[in-house]
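Mapped onto my numbering, the consecutive letters of the sequence shown carry residue numbers 72 to 320.
Presented below is the structure to which this report refers.
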Amino acid sequence: MSTPHNSAEKGEFAKTVLMPGDPLRAKFVAETFLEGARLVNNVRGIGGYTGFYKGCPVSVMASGMGMPSMGIYSYELFRFYDVDNIIRIGSAGAIREDVRVRDLVFGIGACTNSAYASQYGLHGTFAPTASYSLLSAAVKAAEEKGVRYHVGNLLSSDTFYSDDADEANEMWRRMGVMAIEMEAAALYMNAARAGKNALAICTVSDHLLTGEATTAEERQTTFTDMMEVALETAVSVSRNPVPDKGDAS
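So, in structure tokens, the structure goes:
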């Protein structure tokens, strides 16, 4: 089978898929960490790879930038390729003083300024949240690895450049939001609607309060703590599968 954005055959994706935004980061993960990695999709240059990590099948495929792009790729993986778990491995900009560049942030929730949830016709405000099974496994992996991490709210923004960025960021900071990225809320909503599991793990690539920042090359190849934590999480859920929630339709 194939979809408009994926040429893989059914069964070529593992039950757990790691999703960076950057196709080059996906390639790096596949070539650096996966044994026997093979390319299963490359439509529009969005490389998808499947291989093994510590004997467990794992896939990695880019999501592209922004909620519309994440919405497309995660929907197709959940709905058409029987993927059960998607772990976003992205970058984020910190807006809290205690969060440092290169720290990991786990999004227990994903606030958003997007209208993505309007498609569901809900009579209220939906709170996009991570799957506890993935979150708890990721926290355990981070603690065993001894890396700095924070668990809390992310902001999934529809805008990278915004006329009111400084004012808006300060308002989100006052509400305890740790960092800003652009994909998690769509991933969490797609997972909720499909009855599947999702988690966003981000490395802080820049700090919006201090101005400290990493380079594009560093974001592509040096965020290995995040990659290894996500891979250990994938192994954990592979060996201890999460009970099926069923289709949420």
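Just so it is clear, CB atoms sit at the ideal spot from N, CA and C, and this is done for glycine as well.
For residue 292, the secondary structure class from DSSP, reduced to helix, strand or coil, is helix. The segment 123–140 and the segment 240–249 do not touch, with fewer than 3 CB-CB distances between them shorter than 8 Å. Taking residue 219 as the centre and dropping the five residues before and after it, the same chain places the C-beta of 174 closer than 6 Å to its C-beta, in chain order. According to the DSSP assignment, residue 240 belongs to the alpha helix (DSSP H) that extends over 236–245.
In its chain, beyond the 5 residues on either side, 145, 149, 157, 202, 268, 269 have a beta carbon closer than 8 Å to the beta carbon of residue 262.
Residue 178 and residue 225 have their C-alpha atoms spaced approximately 6 Å apart.
In this structure, DSSP gives residue 260 a helical state, which the three-state scheme calls helix. Residue environment analysis places residue 242 among the exposed positions, since fewer than 16 neighbouring C-beta atoms fall within 10 angstroms of its C-beta.
Of all alpha-carbon atoms in 105, 125, 107, the one lying nearest the alpha-carbon of residue 310 is that of 125.
Going by DSSP, residue 173 is part of no alpha helix (DSSP H) at all; its letter is neither H nor E.
For residue 110, the enclosing beta strand (DSSP E) has its first and last residue at 106–112. Around the C-beta of residue 231, fewer than 16 other C-beta atoms lie within 10 Å, and the residue is accordingly described as exposed. Take the alpha-carbon of residue 188 and the one of residue 222: they are about 23 Å apart.
Within the same chain, Cβ atoms closer than 7 Å to the Cβ of residue 184 are found at 228, 229, the five residues on either side in sequence being excluded. If the five residues before and after residue 99 are omitted, its C-beta is found closer than 7 Å to the C-beta atoms of 291, 292, all from its own chain and listed in chain order. For residue 198, the secondary structure class from DSSP, reduced to helix, strand or coil, is coil.
Cβ-Cβ separation between residue 251 and residue 192: approximately 27 Å, too far for a contact (criterion under 8 Å). Bounds of any alpha helix (DSSP H) do not take in residue 126, whose DSSP letter is neither H nor E. DSSP places residue 117 in the coil class of the three-state scheme, outside both helix and strand. At least 8 Å separates the beta-carbon of residue 129 from that of residue 103.
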